[in-house]
Amino acid sequence: MPHRILTANHLRDGGVVFLAADGGWVRSPEAATIAACADDERGLSTIAATAVADQTVVGPYLVDVTVTDGRPVPVRARERIRVSGPTVPADFRADAASA
Amino acid sequence: MYQYDEYDQRLVDERVEQFRDQVRRRLSGELSEDEFKPLRLMNGLYLQLHAYMLRVAIPYGTLSSAQMRTLATLARRWDRGYGHFTTRQNIQYNWPKLEDVPDMLAELAKVGMHAIQTSGNCIRNVTADHFAGVARDEIEDPRIWAEIIRQWSTLHPEFSFLPRKFKIAITGSPNDRAAVKVHDIGLRMLRNADGDVGFEVIVGGGQGRTPFIGETIRAFLPKQHLLSYLEAILRVYNQYGRRDNSFKARIKILVNALGAAEFARQVEAEWAHLRDGALTLPAAEVDRIAAQFAPPVLPPVAEPIPAFDMARLTDPAFGRWARTNLFAHKVPGYASVLISLKPVGGVPGDATADQMDALADLADRYSQGEIRVTHGQNLVLPSVGKAHLPDLWQQLTALGLAEANIGLVSDIIACPGLDYCALANARSIPIAQRISQRFADIGRQHDIGELQLKISGCINACGHHHVGHIGILGVDKKGEEFYQITLGGKAEEDAALGKIVGPAFSYDAVVDAVETIVDTYLVERRSGERFIDTYRRTGLAPFRARLYGETIDAAA
Ligand code: SF4
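Taken in order, these protein sequences are the chains called Z and W. Be aware that the first sequence starts at 0, since it is given in numbering that gives the first Met the number 0, and climbs by one per residue. Be aware that the second sequence starts at 0, since it is given in numbering that gives the first Met the number 0, and climbs by one per residue.
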C-alpha cells in the first residue's frame, strides 16, 4: 500500500499543516509522520479528529506520497502544489509581501 | 455613484458584528466547522488550497477612489500586499487569517462595501457592462437596474436557499459586454417599436459542466415590471430546480429539461399573480436611484484634439495603446480608458496595494474619482478628457499598467486554478504567464489582432473557457495536469460555445499548441478577418490538421 501523510488547514490562519510524529502540527511536510500501514493511518486519523474537535485544524485528510531519502513527496500534482505553495513567480509574491 | 442610505449602512454594519461574534464562537469552540462553514460562506469566506480566501463584492463593477483605497488597505494590512480581480467583477484576497476577517469587513463597511452573497446558493453580485453610463452605444445606464436588483435580492428571505447559486448580468447596450447570454438570467435593454425602453429577458445560459447559451423567454419587458418578473422566474426555479444533484441544480438544466417555451409559460403563469402588485416599481423610486447614477458633468470638447492626435502620431507606443485601450465615450472629447492587468508574465487580474492606491489617485485626477472593474479582469477609468491621455499614459507606464494589449492574445482571462483553488484540476495562471511571454512582442500581438483566450482550471469554468475564441480547460489525468483546447467560443451578442479541437495537451505542450493555433489562423486568414471570423469560416479542420497531423482520427 502507498505511504501516506496526514494534512489539514490550520483553523486560525487557514495555512497548510501536517501531523508530526509527536502529535503536533507542523508547516513543513518533511517533518510529517509517514503512515505505512492501515494501523498507522487509523492512529493518525484519531489524533486528527481530536485536533478538529479542539479547534486546532479543519478538513484533515490523508495524502499519498512516495518517500525519497526519507522525505515524503505527494504523488498528485494537486497535493504537490498544496504543499509547496502557489507556483506563480516568487518575485511577484515577494514584492507584494514586502509592499 | 450610489450612496448607501441609512438602511443599507445598518444592514452591512449589523452583518459585520454578527460575523465577528460567529468567528469568536468558532475560535472558542462553541461552533463546530460544520456549523460555521455556511456562516462564513454567507460572508464570502472560503477555505482554499493554502489558506482562507475572502471574496468582496463590487456591485456592477463600479468603485469610487475611496473604495479602491480601502481595497488597497485590506491587501496591505491583512493580506500579502495584493488582490485578485475576478471574472465576476469582484476582488479576492488569497491570504486572510480567520481572526482578521471581521476587521476587514468592518473596514469595508466604512466605504459601503461587503462580502454578502458572494458565495452560497443565493442571488450573487449582479454584473453589468463596465462602460455603463458612459458608452456611446448605450440606450440607458444598466446600473440603475442592477442596483434595484441588488436591493431586491439582498437577504431576500425566499431566495436565500435556492437549489444553486444564481447569477444575473445586465447590459444597457446592443453590443453586449456583460456576457448576458451565459448567465442564469441575462437582461438586455432595448427600445421597442413605440420607442419605450425595456428588457429582453434571457434565461438558462451558463458555463460549467453543462454549458448552454441562454434562451429569450420574453422579447420585451416594460421596465416597471422588472422585479415582479424576476421574482416569477426565481419562484419557478426555486420550486422546480433540482436539489437532489448539485451538478443538475442550476436553472439552465431546468430550462433545458422543460424547453424554453414551457419554462416561459410557467413564468408567465406565476407572473400573472405578481404583476402590478407590490413589486411594481414606482417611477419616483426609480428616479431616486437614477439620480445617484447621474452622469458626471463633462463639458463637451470639440474634436479633433491636437494634443492627443500629436502624441498618437509621434509616439508609436502611445499610438498602439490608444488603438487598443480606449473606448468611445458618449461625450465628445472624452474616452474610457482600459487599464490592463495583464502585463507580460504577470498574473491576470492581480494588482498590488500600491497599484490600487496609485489608480485611486489617477481616478481622482483624471476620471471624477470613478473606477470600473471588467469581467475580463481589467480596470477602467470611465471618463478621461482626451487631452489628458498622454499624461495619463505616462503615469500608467511608470506603474507598469500601460500594456497595450486589450482584446489581444495576451489579454487572457484566467481563473486562480490549482495555484489557489481547492476545486482545481490544473494550474491556469502559469499557462497564462507562459502564453503572454511567448507572444511578448507587442507588434506581433497587434498584427494577430482581436483574440480572446480564456483559461479555467476545472470544468466550473470560472475562467469562461467555453466562450473564449481559444478556450483552455485544465483536466486531471492520473494526477497530472492536462489541458483541453476549444475553439470558436464567443461571449457577446452572437454568443457561441467553443468546440473541442482534439485530445488534451500536457502542461509542457499546451503553449506550443496555442502558438500553432495562432499560426494556423495567420496562414488561413483572409484580409480583414479576425480570428473568430476565420474560425467561423473554416471550422476546426485546418487547426486539427496542424495540431495533430495525420494521427488525429486515431487519437481522437
Ligand atoms: S474554474 Fe475551477 S479551478 Fe478555476 S477558480 Fe473556478 S473552481 Fe477553481
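Every residue gets a Cβ at the ideal spot worked out from N, C-alpha and C, and that includes glycine.
- Taking 8 Å as the cut-off, the beta carbon of LEU378/W is found closer than this to the beta carbon of VAL372/W.
- If you draw a 10 Å sphere on the C-beta of SER339/W, you find 16 or more other C-beta atoms in it, and that means buried.
- A contact is defined here as three or more CB-CB pairs under 8 Å, and the segment 92 to 103 of chain W fails this definition with respect to the segment 124 to 140 of chain W.
- Residues are counted here when their Cβ sits less than 9 Å from a Cβ of chain W; for the segment 37 to 69 of chain Z these are VAL51, ALA52, ASP53, GLN54, VAL57, GLY58 and ASP63, given in chain order.
- In the structure shown, the three-state DSSP call for GLY442/W is helix.
- Excluding the 5 residues flanking it on each side, ASP21/Z has no same chain C-beta neighbour closer than 7 Å.
- As for any alpha helix (DSSP H) of minimum length 4 sitting wholly inside the segment 129 to 184 of chain W, the runs are 142 to 152, ordered along the chain.
- Under the 8 Å Cβ criterion, the segment 149 to 156 of chain W counts as touching the segment 113 to 123 of chain W, having at least three qualifying pairs.
- Shown here for LEU398/W: same chain residues with a beta carbon closer than 7 Å to its own, the five before and five after excluded, namely GLN354 and ALA357 in chain order.
- Taken in chain order, the complete beta strand (DSSP E) segments of 3 residues or longer contained in the segment 201 to 262 of chain W are 214 to 221.
- Counting of Cβ neighbours within 10 angstroms places GLN436/W among the exposed residues, the total staying below 16.
- Chain order gives the chain W residues near THR86/Z as LEU417, ASP418, ARG426, ILE428 and PRO429, where near means a beta carbon separation below 9 Å.
- The continuous beta strand (DSSP E) containing THR485/W extends over residues 479 to 486.
- The criterion of a C-beta distance shorter than 8 Å is satisfied by SER118/W and GLY43/W.
- Taking non-hydrogen atoms of ligand 1 into account, the C-beta of PRO347/W is found less than 7 Å away from none of them.
- Residue side-chain check: SER118/W keeps its Cβ at 7 Å or more from all non-hydrogen atoms of ligand 1.
- With fewer than 16 other CB atoms across the displayed protein chains lying within 10 angstroms of its CB, LEU521/W is exposed.
- Leaving aside the five residues that flank HIS83/W on each side, the residues in its chain whose CB is nearer than 7 Å to its CB run, in chain order, ILE90, GLN91, ASN93, GLY348, ASP349 and PRO415.
- Within the DSSP bridge table, the entry for SER505/W names PHE481/W as partners.
- Counting along the chain, GLN66/W sits inside the alpha helix (DSSP H) bounded by residues 64 to 77.
- In this structure, the CA atom of ARG264/W is about 11 Å from the CA atom of ALA271/W.
- At the C-beta level, SER64/W and GLY368/W come within 8 Å of one another.
- For the segment 6 to 36 of chain Z, the residues whose beta carbon sits under 7 Å from a beta carbon of chain W are, in order, ASN8, LEU10, ARG11, ASP12, GLY13, GLY14 and VAL15.
- In the structure shown, ALA48/Z falls within a helical segment according to DSSP collapsed to helix, strand and coil.
- For a Cβ distance threshold of 7 Å, residue set ALA76 of chain Z lies close to GLU479/W, ordered along the chain.
- Excluding residues up to 5 positions away in sequence, PRO347, SER427, ILE428, ALA431, ILE454 and GLY462 lie with their Cβ nearer than 6 Å to the Cβ of ALA413/W in the same chain.
- In its chain, beyond the 5 residues on either side, PRO73 have a beta carbon closer than 6 Å to the beta carbon of ARG79/Z.
- Contact between the segment 98 to 112 of chain W and the segment 72 to 80 of chain W is present: 3 or more CB-CB pairs across the two stretches fall below 8 Å.
- Residue environment: VAL235/W is assigned as buried (16 or more neighbouring CB atoms within 10 Å of its CB, all protein chains considered).
- In the three-state reduction of the DSSP assignment, LYS385/W falls in the helix class.
- Looking at the DSSP output, VAL372/W sits in a beta bridge with LEU378/W.
- Boundaries of the beta strand (DSSP E) harbouring SER335/W: 333 to 338, taken from the DSSP string.
- When the alpha-carbon of GLY467/W is set against those of PHE504/W, PRO221/W, SER409/W and ASP475/W, the nearest one is in SER409/W.
- Our two residues, ILE201/W and PRO141/W, have alpha carbons roughly 15 Å apart in a direct line.
- Look at GLY207/W: its C-beta is not under 8 Å from any C-beta on chain Z.
- In terms of side-chain proximity, the C-beta atom of ALA423/W is found nearer than 7 Å to a non-hydrogen atom of ligand 1.
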